[in-house]
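Undergrad:
Chains as they are written, first to last, in the working numbering: chain A, 5 to 307; chain B, 2 to 302.
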């Protein structure tokens, strides 16, 4: 047997399509075709549009302008601010949500009477749509809403959080923490149940306190889950739109104009499709970069 | 998976009496649950509070509860029509997802073809693409859909599928996450059954529909719920593709209350309750598979 023969055999075997291979391809084909047509092609199409000046209401279609849109974004204070606002929003929501959700998951991990009700109750905000949830919070922040009633009861003056440049984003973020708790809790709960009981028993035998058990057993065991949860949260939070549309319309003074809100107004109110497409790709790059960075940071991998 | 989970629960339950001094824990849980539920409590309360009182401070239990808000929610923004539209669109998404996603997931789990790993990763990677990246291209594709809305064969001339219900469905027909969940589900299934059927000479599609699909009811339930709620709750896409109120989905109809400037909180909350009820009902009916399905997608990711 020659070395060449040894190498050639697996290669040929790899290329031979059996009946089972064809069956698999045929069964996957509808989903794959859909993803190619309605996800991957649009990405490439969008990239092309981002290099053009394109007002869909004018005749003549897109005009190729190369990197002009991206260069303009570099100098656009409005876009820079929207990136900052989006980053602030993620930074306000993410740590709070993760910490509280992890705490809740630990609290409801062990069975007790009524645990089903508690888990469902905590999950409820997540199954109510963002627009409906935003409507509830719109009232809560309103003049005679719950928030100001509580403030009044403890003798503090009423606030108009949503119309104050300094507080509007934080007010929206508070709502999002409330809404995101449940789904994060459920995912972290699943991670907790994947940690072998033996590790806790071993730590208890070694005389670890419950806090030490949490730090040395629970947190390391949760790492893969937290990586997943943080990455998903960054991806979703960086796309905030519906709550901004309902609560503040990007105001006051642009203090809640997230990138997605700016993309929406640029494209569908000012009809600048090329510029809006370029914004979408810059957002994409930031989101991908930050979720990679965050997941690397948590999983302890370098590079 | 199931057996392991059950035994853990049993073991923990047997040990539960040892943790009697957990009252502080329960108190904390109770406080958080109340904090989470409070906005909903007031949402219900305002919905039943007479409109002329909803501008002042609202009591948790309204003095003389009324259904008037529900009546005006239904009549003023065409909520019934919107509910019908959303139901139609969501059901279409459910049917296509349930037909296509488990099939593909099964193929990726059990019938891998050369390159299938790469194709699968490609599908999963699309979940990380922000909606805004595909928003404008999908809008233009919808606008230039051939032979629809006055368009010619090349998609020129008219508005294509814009402002139609099929357009609203397009981004929700196949969810990459559903394909992922399906693959995870079938990976966890024993392969002996299929082997036996294969020896008996059954075709692959037959093996899938007769052997695996009947065992995949929990998966179908999850895929159905995810597609339903995902489509039902969508806001941005219907907002950009729908222009006439006869095609509004429930979320679009709801924000109409807000656009008039003078917000009528009573009708708004009544509307919010009406559009949330279907999702809550679907959730409660499938609560167990819903939460465990979410959990599985996460932990095995």
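Heads up, the beta-carbon is just placed ideally off N, CA and C, and yes, glycines get one too.
Taking a contact to mean a Cβ-Cβ separation below 9 angstroms, would you say residue 232 of chain B touches residue 117 of chain B in this structure?
TA: Indexing the second chain from 1 puts residue 232 of chain B at position 231. Indexing the second chain from 1 puts residue 117 of chain B at position 116. No, the pair does not count as a contact, with Cβ atoms beyond the cut-off.
Undergrad: Whole angstroms is fine: what's the gap from residue 118 of chain A's alpha carbon to residue 125 of chain A's?
TA: Reading the first chain from its first residue, position 114 is the one you call residue 118 of chain A. Reading the first chain from its first residue, position 121 is the one you call residue 125 of chain A. Roughly 11 angstroms separates the two Cα atoms.
Undergrad: What residue range does the alpha helix (DSSP H) around residue 177 of chain B cover?
TA: Position 176 of the second chain holds residue 177 of chain B. It spans 177-188 - the alpha helix (DSSP H) in which residue 177 of chain B sits, taken as one unbroken run.
Undergrad: By Cβ distance, which residues of its chain are closer than 6 angstroms to residue 58 of chain A, with the 5 residues on each side in sequence left out?
TA: For the purposes of this step, residue 58 of chain A is identified with residue 54 of the first chain, where counting begins at 1. Within the same chain, residue 58 of chain A has close Cβ partners 66, 277 and 278.
Undergrad: Does residue 135 of chain B come within less than 9 angstroms of chain A when only Cβ atoms are used?
TA: Translated into positions along the second chain, residue 135 of chain B becomes position 134. Yes, because at least one Cβ of chain A sits closer than 9 angstroms to the Cβ of residue 135 of chain B.
Undergrad: What does a CB cutoff of less than 6 angstroms around residue 67 of chain B pick up in its chain, not counting 5 residues either side in sequence?
TA: Counting from 1 along the second chain, the entry for residue 67 of chain B is found at position 66. These residues qualify, in order along the chain: 51.
Undergrad: Given that residue 92 of chain A touches chain B, what residues does it touch there, using C-beta distances under 7 angstroms?
TA: Taking the first chain and counting its residues from 1, the one referred to as residue 92 of chain A is at position 88. Ordered by position in chain B, no residue passes the 7 angstroms Cβ test against residue 92 of chain A, which lies about 18 angstroms from the chain.
Undergrad: How would you list, in chain order, the residues of chain B whose beta-carbon sits under 8 angstroms from the beta-carbon of residue 286 of chain A?
TA: The residue you call residue 286 of chain A lines up with position 282 of the first chain. Correct list: empty, because the minimum Cβ distance to chain B is about 10 angstroms.
Undergrad: For a test of the three-state rule: what should DSSP assign to residue 227 of chain A, helix, strand or coil?
TA: Position 223 of the first chain, counted from the first residue, corresponds to residue 227 of chain A. Note: residue 227 of chain A maps to helix in three-state DSSP.
Undergrad: Does any CB atom of chain D fall closer than 9 angstroms to the CB of residue 69 of chain A?
TA: This model lacks chain D altogether; the protein chains it does include are A and B.
Undergrad: Span of the alpha helix (DSSP H) holding residue 243 of chain A?
TA: Indexing the first chain from 1 puts residue 243 of chain A at position 239. Neither: residue 243 of chain A is in no alpha helix (DSSP H) and is coded neither H nor E.
Undergrad: My understanding is that residue 83 of chain B touches residue 266 of chain B, with C-beta atoms under 8 angstroms, so please give their C-beta distance in whole angstroms.
TA: As a first step, residue 83 of chain B is located in the second chain; it is residue number 82 there, counting from the start. As a first step, residue 266 of chain B is located in the second chain; it is residue number 265 there, counting from the start. Contact flag wrong, Cβ pair sits at about 19 angstroms.
Undergrad: Assign residue 21 of chain A to one of three DSSP states: helix, strand, or coil.
TA: If you number the first chain from 1, residue 21 of chain A lands on position 17. Coil, per DSSP.
Undergrad: Can we say the segment 138-151 of chain B touches the segment 250-261 of chain A, given the rule of at least three CB pairs closer than 8 angstroms?
TA: no
Undergrad: Return the chain-ordered ranges of every beta strand (DSSP E) run that is complete within the segment 160-201 of chain A and spans a minimum of 3 residues.
TA: none
Undergrad: In chain order, what are the residue ranges of uninterrupted alpha helix (DSSP H) at least 4 long that sit wholly in the segment 144-227 of chain B?
TA: Segments of the alpha helix (DSSP H) lying fully in the segment 144-227 of chain B: 166-170, 177-188, 193-200 and 205-208.
Undergrad: Considering only the beta carbon of each residue, do residue 230 of chain B and residue 175 of chain B sit closer than 9 angstroms?
TA: Taking the second chain and counting its residues from 1, one reaches residue 230 of chain B at position 229. Taking the second chain and counting its residues from 1, one reaches residue 175 of chain B at position 174. For residue 230 of chain B and residue 175 of chain B, no; Cβs fall outside 9 angstroms.
Undergrad: Hey, could you find the ends of the alpha helix (DSSP H) residue 92 of chain A is sitting in?
TA: As a first step, residue 92 of chain A is located in the first chain; it is residue number 88 there, counting from the start. Note, residue 92 of chain A: alpha helix (DSSP H), 81-111.
Undergrad: Under the rule that 16 or more other beta-carbon atoms within 10 Å means buried, what is residue 183 of chain A, buried or exposed?
TA: Your numbering for residue 183 of chain A matches position 179 in the first chain. Buried.
Undergrad: If you measure between the beta carbons of residue 159 of chain A and residue 199 of chain A, is that distance less than 9 angstroms?
TA: Walking along the first chain from the start, residue 159 of chain A turns up at place 155. Walking along the first chain from the start, residue 199 of chain A turns up at place 195. Against a cut-off of 9 angstroms, the Cβ pair of residue 199 of chain A and residue 159 of chain A comes out as no contact.
Undergrad: Where does residue 213 of chain B land, buried or exposed, given buried means 16+ other C-beta within 10 angstroms?
TA: As a position in the second chain, residue 213 of chain B is number 212, starting the count at 1. Its Cβ being crowded by 16 or more others within 10 Å, residue 213 of chain B is buried.
Undergrad: Quick one: what's got a C-beta closer than 6 angstroms to residue 280 of chain A's C-beta in the same chain, skipping five residues either side?
TA: By 1-based counting over the first chain, the position of residue 280 of chain A is 276. 267, 270 and 271.
Undergrad: Just how far apart, CA to CA, sit residue 191 of chain A and residue 239 of chain B?
TA: Indexing the first chain from 1 puts residue 191 of chain A at position 187. Indexing the second chain from 1 puts residue 239 of chain B at position 238. Roughly 29 angstroms separates the two Cα atoms.
Undergrad: If you draw a straight line from the alpha carbon of residue 197 of chain A to that of residue 113 of chain A, how long is it in whole angstroms?
TA: Locating residue 197 of chain A in the first chain gives position 193, where the first residue counts as 1. Locating residue 113 of chain A in the first chain gives position 109, where the first residue counts as 1. Straight-line Cα distance between these residues: approximately 8 angstroms.
Undergrad: Would you call the segment 126-142 of chain A and the segment 241-251 of chain A in contact, with 3 or more CB pairs under 8 angstroms?
TA: yes
Undergrad: Measure the Cβ-Cβ separation of residue 186 of chain B and residue 113 of chain B and say whether it is below 9 angstroms.
TA: For this step, residue 186 of chain B is matched to residue 185 along the second chain. For this step, residue 113 of chain B is matched to residue 112 along the second chain. No; because the gap between Cβ atoms is not below 9 angstroms, this pair is not in contact.
Undergrad: Mind checking residue 243 of chain A: buried by the 16 CB within 10 Å criterion, or exposed?
TA: Walking along the first chain from the start, residue 243 of chain A turns up at place 239. Buried is the call here.
Undergrad: Below 8 angstroms on the Cβ atoms is my contact criterion, and I expect residue 284 of chain A with residue 131 of chain B to pass it. Report the Cβ-Cβ distance as a whole number of Å.
TA: Residue mapping note: residue 284 of chain A aligns to position 280 of the first chain, counting from 1. Residue mapping note: residue 131 of chain B aligns to position 130 of the second chain, counting from 1. 7 angstroms between Cβ atoms; contact.
Undergrad: Reducing DSSP to helix, strand and coil, say where residue 52 of chain A ends up.
TA: By 1-based counting over the first chain, the position of residue 52 of chain A is 48. Looking at residue 52 of chain A - three-state DSSP - the assignment turns out to be helix.
Undergrad: Who are the neighbours of residue 257 of chain B on chain A, taking C-beta pairs under 7 angstroms?
TA: Looking up residue 257 of chain B in the second chain gives position 256. Going along chain A, no residue has its Cβ under 7 angstroms from residue 257 of chain B, so there is no contact; the nearest lies around 11 angstroms.
Undergrad: Below 9 angstroms between beta carbons: does that hold for residue 124 of chain B and residue 180 of chain B?
TA: The count along the second chain starts at 1 and reaches residue 124 of chain B at position 123. The count along the second chain starts at 1 and reaches residue 180 of chain B at position 179. It is a contact, given that the beta carbons lie within the stated cut-off.
Undergrad: Below 8 angstroms on the Cβ atoms is my contact criterion, and I expect residue 39 of chain A with residue 277 of chain B to pass it. Report the Cβ-Cβ distance as a whole number of Å.
TA: Here residue 39 of chain A refers to the residue found at position 35 when the first chain is read from its first residue. Here residue 277 of chain B refers to the residue found at position 276 when the second chain is read from its first residue. Residue 39 of chain A to residue 277 of chain B, Cβ: 30 angstroms. No contact.
Undergrad: Cβ atoms of residue 97 of chain A and residue 180 of chain A: under 9 angstroms apart, would you say?
TA: Counting from 1 along the first chain, the entry for residue 180 of chain A is found at position 176. Counting from 1 along the first chain, the entry for residue 97 of chain A is found at position 93. Yes, Cβ-Cβ distance for residue 180 of chain A and residue 97 of chain A is below 9 angstroms.
Undergrad: Please state the DSSP three-state secondary structure of residue 252 of chain B.
TA: Within the second chain, residue 252 of chain B is the residue found at index 251, counting from 1. When DSSP states are grouped into helix, strand and coil, residue 252 of chain B belongs to the helix group.
Undergrad: So which residues on chain A does residue 187 of chain B lean against when the C-beta distance must stay under 7 angstroms?
TA: For this step, residue 187 of chain B is matched to residue 186 along the second chain. Within chain A, no residue comes near residue 187 of chain B; the closest Cβ sits about 11 angstroms away, beyond 7 angstroms.
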